[in-house]
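Taking it in order: structure first as structure tokens, then the write-up.
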Amino acid sequence: MPTVFSPAANLVTKIVLGGALAGVITLAGAGWAFPRISYYTDVGYAQPQPVPFSHEHHVGELGIDCRYCHTSAEVSANAGFPPTHTCMSCHSQIWTNAEMLAPVRRSLMEGQPIRWNRVNKLPDYVFFNHSIHVSKGVGCVTCHGPIDRMPLTWKGASLQMSWCLDCHRDPAPNLRPVEEVFNPNWERTPETPSGEQLLAQYDIHSATLSDCSVCHR
Amino acid sequence: MPSMNGKRGRELWRSLDELAQGPEIEAMLQREFPGLPSLDDVRIGRRRFLELMGASFALSGLAGCGPANVPDEAVPYVEMPPGLVPGVPRTFATAVTRGGYADGVLITHQMGRPIKVEGNSAHPASLGATDSIVQASILDLYDPDRSQTVLSRGNVAGTNAFVTALMARGGGGGLRILSGSVTSPTLAAQIAGLRQRFPELRWHRWEADRSDPAGEGAVLAFGRRVDTVLHVQRANVILAIESDFLDAAPGHLVYARDFARRRRAAEEGGAADMNRLYAVESVPTLAGARADHRFVATPYEIEAAVRALAAELGVGPEEWRAARPAWVSAVARDLGRNRGAALVHAGPAQSAAVHALVHAINGALGAPGSTLTYIDPVEAEPVNQAESLSELVRDMEAGKVDTLVILGSNPVFSAPADLRFASALGRCRCRCIWGRMSMKRRRFAPGTCLKRMSSSGGAMRGLMTGR
Numbered sequence: 000m001p002t003v004f005s006p007a008a009n010l011v012t013k014i015v016l017g018g019a020l021a022g023v024i025t026l027a028g029a030g031w032a033f034p035r036i037s038y039y040t041d042v043g044y045a046q047p048q049p050v051p052f053s054h055e056h057h058v059g060e061l062g063i064d065c066r067y068c069h070t071s072a073e074v075s076a077n078a079g080f081p082p083t084h085t086c087m088s089c090h091s092q093i094w095t096n097a098e099m100l101a102p103v104r105r106s107l108m109e110g111q112p113i114r115w116n117r118v119n120k121l122p123d124y125v126f127f128n129h130s131i132h133v134s135k136g137v138g139c140v141t142c143h144g145p146i147d148r149m150p151l152t153w154k155g156a157s158l159q160m161s162w163c164l165d166c167h168r169d170p171a172p173n174l175r176p177v178e179e180v181f182n183p184n185w186e187r188t189p190e191t192p193s194g195e196q197l198l199a200q201y202d203i204h205s206a207t208l209s210d211c212s213v214c215h216r
Numbered sequence: 000m001p002s003m004n005g006k007r008g009r010e011l012w013r014s015l016d017e018l019a020q021g022p023e024i025e026a027m028l029q030r031e032f033p034g035l036p037s038l039d040d041v042r043i044g045r046r047r048f049l050e051l052m053g054a055s056f057a058l059s060g061l062a063g064c065g066p067a068n069v070p071d072e073a074v075p076y077v078e079m080p081p082g083l084v085p086g087v088p089r090t091f092a093t094a095v096t097r098g099g100y101a102d103g104v105l106i107t108h109q110m111g112r113p114i115k116v117e118g119n120s121a122h123p124a125s126l127g128a129t130d131s132i133v134q135a136s137i138l139d140l141y142d143p144d145r146s147q148t149v150l151s152r153g154n155v156a157g158t159n160a161f162v163t164a165l166m167a168r169g170g171g172g173g174l175r176i177l178s179g180s181v182t183s184p185t186l187a188a189q190i191a192g193l194r195q196r197f198p199e200l201r202w203h204r205w206e207a208d209r210s211d212p213a214g215e216g217a218v219l220a221f222g223r224r225v226d227t228v229l230h231v232q233r234a235n236v237i238l239a240i241e242s243d244f245l246d247a248a249p250g251h252l253v254y255a256r257d258f259a260r261r262r263r264a265a266e267e268g269g270a271a272d273m274n275r276l277y278a279v280e281s282v283p284t285l286a287g288a289r290a291d292h293r294f295v296a297t298p299y300e301i302e303a304a305v306r307a308l309a310a311e312l313g314v315g316p317e318e319w320r321a322a323r324p325a326w327v328s329a330v331a332r333d334l335g336r337n338r339g340a341a342l343v344h345a346g347p348a349q350s351a352a353v354h355a356l357v358h359a360i361n362g363a364l365g366a367p368g369s370t371l372t373y374i375d376p377v378e379a380e381p382v383n384q385a386e387s388l389s390e391l392v393r394d395m396e397a398g399k400v401d402t403l404v405i406l407g408s409n410p411v412f413s414a415p416a417d418l419r420f421a422s423a424l425g426r427c428r429c430r431c432i433w434g435r436m437s438m439k440r441r442r443f444a445p446g447t448c449l450k451r452m453s454s455s456g457g458a459m460r461g462l463m464t465g466r
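Line by line, the protein sequences are chains A and B.
Each residue of the first sequence is one higher than the one before, counting from 0 in numbering that gives the first Met the number 0.
Each residue of the second sequence is one higher than the one before, counting from 0 in numbering that gives the first Met the number 0.
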């Protein structure tokens, strides 16, 4: 009786099986890795903007406080975007003819708002409140990255649920004295109260901080 | 089954309905489901239907073909309103009117977008309560037909253009105003001012939610119109004659609260303080639903019952008692035992005679001054609105109306159909609508001077003062 399979079939079988195994591993690996790379999370990616606003210049070099523009950061769920009027409070005096600022001047003249592209976006099913984070000593740069060194604003953190939970489960390392929240250059010194001391001082209950209803109401 | 004899395969019925098909079944179906179309009238066959459904399913996949990662936009103000904090809701106080009567409300909004209407606890007609109509009124604010600006024949026009156009047409007998019930002293004074400038101006009234018989009944009883303010909290026994005192009458939010307070008396330990509510009605009302004793009667029987009640209480001739329903004597006894603490209220759909009788009965029960107060009409220059509107339609058809200014009402929608208001309106040379909603999509015939006004009030002031 003639053989059905030639000896080469052994090799083919091994290649096919091995290839299938490698494919499964590759798919699983890609499935694990893809949500973590910046191509997917947009971390470090700067959105194109109608005006190439530089936080590096305004915050890092000029030292303008965050709250000059983001007025409601301490009191509202939203940090707030500056109205055109805020931009023009300086730029009606300096750089009045800069081509770069033409959209700002046009906005004021025509009464049409500047439409910025959002860098940080949360889904609607997350009830995020900006003010509570600020008042409990989470610094701006903790979530928004080194904003004072961003010529164009890029996304500082993935804003994925795992990232939120990392901090909600163990907030102590990310806390700072409340007066340093808006300081982008703050560094922990030996005199700084420890994370645990700040936890007690702010009355933060870590045990319930990762309850579902804290963010999903 | 004789109809199945000698038949095979497809000749046999495919369902019980088809087997049972007969003229009497058809007629029964027609009676039972008058809107149901016959299968013979169906234009789309089964195959065509499945084709369309399949195509719909396939096309729904196109939703996945949109551009990915489109950035969301953040749109800040150009000039931020003073005191506003983005993300923190704010509240302003205003009023929602119904039939000309206002309920005070608080509207909560997020950066100018209203999200909730609630009662204003500091407003005497609300005390923090609202009803379903006020709750739903928030949708008005998002109505796509809501006016944004003054329009002339569909094009944007300035407020001044409106006043100029109207002034250029002049007054004379051809100038008419049609409004709803006006309870605003300011607006009434402005119309009076316009009358001084145009002495021949005629002011017509039409409000869909109104009661002409109530006014006529007061004229029958007192020789003049009055409004009745109820003091429900002082009434031990109440008779509601198809009454809307709990759900629609001016002040009903307060009446409902006062009624409920006396209702809770038993729970709060004073069972003797609890009130009793009788209701007689031909359509269900909230008062009927809350009543201790509810009597159902046809509209004709209601009037007969009220006459019998008047006779029982000594304010009507004896013969009215003849055909009284059994319950009338019991109610009359209960009301009579509570003189000075009894209250009878008739609803807006009752005839003028019933309203007049109710005034007489209340008088006999000592209600005025205790459970109710008569006041001068809140409405400015009240008229019989049905007559007022038909007079206007007659004049429009006779070509006597040159310019008609419609203030805040939509008579094309709400006027009785047999008046043919819309076709009569076409005979006016200039039609101006001043209201919150654009009338364009509501079957208003396009006119020589169809205008849509913003609700800013500026134009109204300008118009009324002739500036």
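Every residue, glycine too, gets a C-beta built ideally from N, C-alpha and C.
Residue i, DSSP secondary structure in three states
i: S350(B); result: coil
i: A171(A); result: helix
i: G44(B); result: coil
i: Y124(A); result: coil
i: C427(B); result: coil
i: I36(A); result: coil
i: L245(B); result: coil
i: V3(A); result: coil
i: V377(B); result: coil
i: L58(B); result: helix
i: V50(A); result: coil
i: P22(B); result: helix
i: V137(A); result: strand
i: P145(A); result: coil
i: P367(B); result: strand
i: I24(A); result: helix
i: R442(B); result: Confidence at R442(B) is low in this model, with a pLDDT of 37, below 50, so its placement is unreliable and no value can be given for it.
i: W185(A); result: coil
i: N274(B); result: coil
i: Q134(B); result: helix
Distance cut-off 6 angstroms: residue i Cβ against heavy atoms of the ligand ATP
i: V236(B); result: The model depicted lacks the ligand ATP and carries no ligand whatsoever.
Bridge partners - residue i, DSSP secondary structure assignment
i: N116(A); result: E72(B)
i: V104(B); result: T93(B), G118(B)
i: V279(B); result: I240(B), F294(B)
i: R104(A); result: Looking at the DSSP assignment, R104(A) forms no beta bridge with any residue, so it has no partner.
i: L197(A); result: In DSSP, L197(A) forms no bridge with anything.
i: K154(A); result: V42(A)
i: R112(B); result: Q109(B)
i: V404(B); result: I176(B), C431(B)
i: T372(B); result: V228(B)
i: P33(B); result: Answer is none; P33(B) lacks a bridge partner.
Endpoints, beta strand (DSSP E) assigned at residue i
i: F294(B); result: 292-295
i: E126(B); result: Just to set this straight, residue 126(B) is Leu in the shown sequence, not Glu. From DSSP, L126(B) is part of no beta strand (DSSP E); its letter is neither H nor E.
Run of the alpha helix (DSSP H) containing residue i, from where it starts to where it stops
i: A345(B); result: Unbroken run through A345(B) is the beta strand (DSSP E), 341-345; no alpha helix (DSSP H).
i: E396(B); result: 384-396
i: I131(A); result: 129-134
i: A414(B); result: Note, A414(B): premise wrong, no alpha helix (DSSP H); not H, not E.
i: L469(B); result: Since the displayed chain B opens at 0 and closes at 466, residue 469(B) lies outside it and no answer follows.
i: V314(B); result: No alpha helix (DSSP H) contains V314(B), which DSSP labels as neither H nor E.
i: F258(B); result: 251-262
i: A468(B); result: Any question about residue 468(B) goes unanswered here, given that chain B covers just 0 to 466.
i: M87(A); result: 83-90
i: V213(A); result: 211-214
i: S205(A); result: 205-208
i: W326(B); result: 325-336
Pull out every residue of the region 141-162 of chain B whose Cβ sits closer than 8 angstroms to any Cβ of chain A, in chain order. none
Within the region 142-229 of chain B, note down every full beta strand (DSSP E) run reaching 3 residues or more, in order along the chain. 174-178, 201-204, 226-229
Determine which residues of the region 80-101 of chain B have a Cβ less than 7 angstroms from any Cβ of chain A, and write them out in chain order. V84, P85, G86, V87
Residues of the region 104-127 of chain A in Cβ contact with chain B at a cutoff of 9 angstroms, in chain order, please. S106, L107, E109, G110, Q111, P112, I113, R114, W115, N116, R117, V118, K120
Using a Cβ-Cβ cut-off of less than 9 angstroms, list which residues of the region 73-102 of chain A approach chain B; keep chain order. V74, S75, A76, N77, A78, G79, F80, P81, P82, T83, H84, T85
Quick one: which residues of the region 40-72 of chain A get their C-beta closer than 9 angstroms to a C-beta of chain B? List them in chain order. D41, Q46, P47, T70, S71
Going along the region 192-208 of chain B in order, which residues come within less than 9 angstroms of chain A, judged by CB to CB distance? none
Listed in chain order, which residues of the region 51-79 of chain B have Cβ atoms closer than 7 angstroms to some Cβ of chain A? P70, D71, E72, A73, V74, P75, Y76, V77, E78, M79
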